[in-house]
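If you're matching positions, the sequence shown starts at 1 in the UniProt record's numbering and goes up one per residue.
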Amino acid sequence: MKSDFLTNLFFRALQTVSIATMLVRLLLPVAIVAALYLLWRIARNLEKPPKLTEEVKIVRKSLSEMLKENRTRCKMTQEFVAETIGVSRQAVSKWENGTSEPNTSNLMALARLYGIPAEDLLKGVESALEAQEKK
C-alpha cells in the first residue's frame with residue numbers, strides 16, 4: 001500500500017516535470033521573439049533624431065545665414081574655409097545649410113577668418129530670435 005502510494009506520487013511528480021518541461025519548450029521561443037521585438041522597437045526609437053524646437057530652428061537658420069553671408073563677403077569657398085580651420089568641406093556646408101552648427105572653437109576660428117568679432121555672428125542670431133518673439 002505504501003509502495004503504491006510512493007509509486008503513484010513518483011509518477012505524478014514525473015508528469016508535473018514533463019508538463020513543466022513542455023511549457024518551457026513551448027513558451028521559450030515565444031519569450032525570445034517578444035524580447036527581440038521589444039529590442040527592435042527600442043533601437044528604432046533610438047535612431048530617430050530628436051525633434052527640434054522652433055527656437056533651435058531659428059538659431060540654426062540665422063547662424064547659417066550669417067556664416068554664408070560672411071564667407072561670400074570675404075570671397076572664400078567652403079573648401080578654403082574648411083582647410084583653413086581644419087574641418088571637412090561637408091562640415092562647413094552643414095553649418096551653412098543649418099543641418100548642424102559649429103562648436104565654440106570653430107565659431108571663434110570662423111570669426112577670426114572672416115575678420116569680425118564672434119559677437120557679430122551671434123548678434124545676427126539674437127536679432128532673429130527677437131524678431132520671432134515679436135510675432
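From the three backbone atoms N, C-alpha and C, an ideal C-beta is built for every residue, glycine too.
Taking all protein chains shown into account, do 16 or more other C-beta atoms lie within 10 angstroms of the C-beta of residue i, making it buried, or fewer, making it exposed?
| i | result |
| --- | --- |
| Trp-95 | buried |
| Arg-71 | buried |
By alpha-carbon positions, which one of the options ends up nearest to residue i?
| i | options | result |
| --- | --- | --- |
| Gly-115 | Ser-88, Asn-97 and Glu-69 | Glu-69 |
| Glu-101 | Arg-25, Leu-63 and Pro-117 | Leu-63 |
| Lys-57 | Leu-107, Leu-9 and Asn-97 | Asn-97 |
| Lys-75 | Asn-103, Leu-113 and Ile-42 | Leu-113 |
If you measure between the beta carbons of residue i and residue j, is that distance less than 8 Å?
| i | j | result |
| --- | --- | --- |
| Leu-122 | Ile-85 | no |
| Val-30 | Met-66 | no |
| Leu-129 | Glu-55 | yes |
| Gln-78 | Val-59 | no |
Throw me the rounded Cβ distance for the residue i and residue j pair, which I believe falls under 8 Å.
| i | j | result |
| --- | --- | --- |
| Ala-82 | Arg-89 | 4 Å |
- Item | Complete runs of the beta strand (DSSP E) confined to the UniProt domain "HTH cro/C1-type" (67-121) [at least 3 residues] | none
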